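Trainee:
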């Protein structure tokens, strides 16, 4: 894994938790819990590793890497489609089957150091991501546009310094949120809009300095936040995982 990405993870933990809690790969299972699965298979042409979406590609399908498309074209150029043999849909499928391969390792645009990624564009210093666009320093993330310092996030855009956010938009310095828009410095909350400095708060708009939906004076909020964030950091460092916001809003017992 790229050292720049490891450094970005530790910087993000310092921003959100006030300290480092361990190396990135120690938390990969925790960080992957919201994201679409990807997997590595062997290329049908070369045997090289190919990263693709594991929940969308049949297990018996032939796969190649994007870099192998020229070799694929050479291999299949001589396979004719015999019009005389086509009688119905089944015969058409049989005729094209020999030319059918799924393509993985699709990393496009101005991308660099995107490891085990698929369908990413203009993405730099990334690990096990798919459908990430215009991203930098991002890992275990799915379907996010313009993320930076983003880990374990899914379905949204304009995200910076975030860990485990589901369905975010314009979200900065947040951890364990669900469906929050234009939020900063929030933890373990859901359905916030135009809000900042909220913890364990739900269904709020244009609110600030809340804990459990209760408004607090700034100094009191800062004091309680420091205590709660310290406890979150301690548990994450010790267990390498935390209960998720989805566990909380669905009343599911955390693992």
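In the numbering used here, the protein residues as written are 188 to 442.
Think of the CB as a built atom: it goes at the ideal place given N, C-alpha and C, for glycine as much as any other residue.
It should be emphasised that the depicted structure is a prediction, and the values quoted were computed from it without experimental measurement.
Who are residue 228's beta bridge partners in DSSP?
Mentor: 237
Trainee: Would you list, in sequence order, the uninterrupted beta strand (DSSP E) runs of no fewer than 3 residues that lie entirely inside the stretch 281-309?
Mentor: 289-291 and 299-302
Trainee: Please name the residue in 224, 229, 193 and 206 whose C-alpha comes closest to that of residue 213.
Mentor: 193
Trainee: Enumerate in chain order the residues of its own chain whose CB-to-CB distance from residue 307 is below 8 Å, with the five nearest sequence positions on each side excluded.
Mentor: 293, 294, 295, 298, 301, 313, 316, 317, 318, 319, 320 and 322
Trainee: Can you tell me whether residue 252 is buried or exposed? The criterion is at least 16 other CB atoms within 10 Å of its CB, across all chains shown.
Mentor: buried
Trainee: Only counting the same chain, and skipping five residues up and downstream in sequence, which positions put a Cβ closer than 8 Å to that of residue 330?
Mentor: Around residue 330: 223, 317, 318, 319, 341, 342 and 343.
Trainee: Starting from residue 438, follow the beta strand (DSSP E) in both directions and report where the run begins and ends.
Mentor: Segment: none, residue 438 is in no beta strand (DSSP E) and carries neither H nor E.
Trainee: Quick check: residue 232 and residue 305, are their CB atoms within less than 8 Å of each other?
Mentor: no
Trainee: Could you check the C-alpha separation between residue 376 and residue 262 for me, to the nearest Å?
Mentor: Here the C-alpha atom of residue 376 lies approximately 53 Å from the C-alpha atom of residue 262.
Trainee: Looking at the structure shown, is residue 428 part of a helix, part of a strand, or coil, going by DSSP?
Mentor: coil
Trainee: Between the alpha carbons of residue 441 and residue 407, how many angstroms are there, rounded?
Mentor: Residue confidence for residue 441 is low, a pLDDT of 47 falling below 50, so the modelled location carries little weight; the figure read from the coordinates is stated next. C-alpha of residue 441 to C-alpha of residue 407: approximately 28 Å in a straight line.
Trainee: From residue 400 to residue 369, what distance separates their C-alpha atoms?
Mentor: 17 Å
Trainee: Once you ignore the five residues that flank residue 197 on each side, which residues in its own chain have a CB closer than 7 Å to its CB?
Mentor: Residues of the same chain with a CB within less than 7 Å of the CB of residue 197, apart from the 5 flanking positions on each side, are 207 in chain order.
Trainee: Report the rounded CA-to-CA distance for residue 367 versus residue 248, giving the unit in angstroms.
Mentor: Roughly 38 Å between the two C-alpha positions.
Trainee: Applying the criterion that 16 or more other CB atoms from any shown protein chain within 10 Å of the CB defines a buried residue, is residue 419 buried or exposed?
Mentor: Classification of residue 419: buried, given that the 10 Å Cβ count is 16 or more.
Trainee: Hey, quick one: how far does the beta strand (DSSP E) through residue 373 stretch, first residue to last?
Mentor: 341-386
Trainee: When you compare each of 353, 333 and 339 to residue 346 by their alpha carbons, which one comes out closest?
Mentor: 333
Trainee: Does DSSP classify residue 331 as helix, strand or coil?
Mentor: Residue 331 sits in a strand when the DSSP states are folded into three classes.
Trainee: In the structure shown, what three-state DSSP assignment does residue 257 receive?
Mentor: helix
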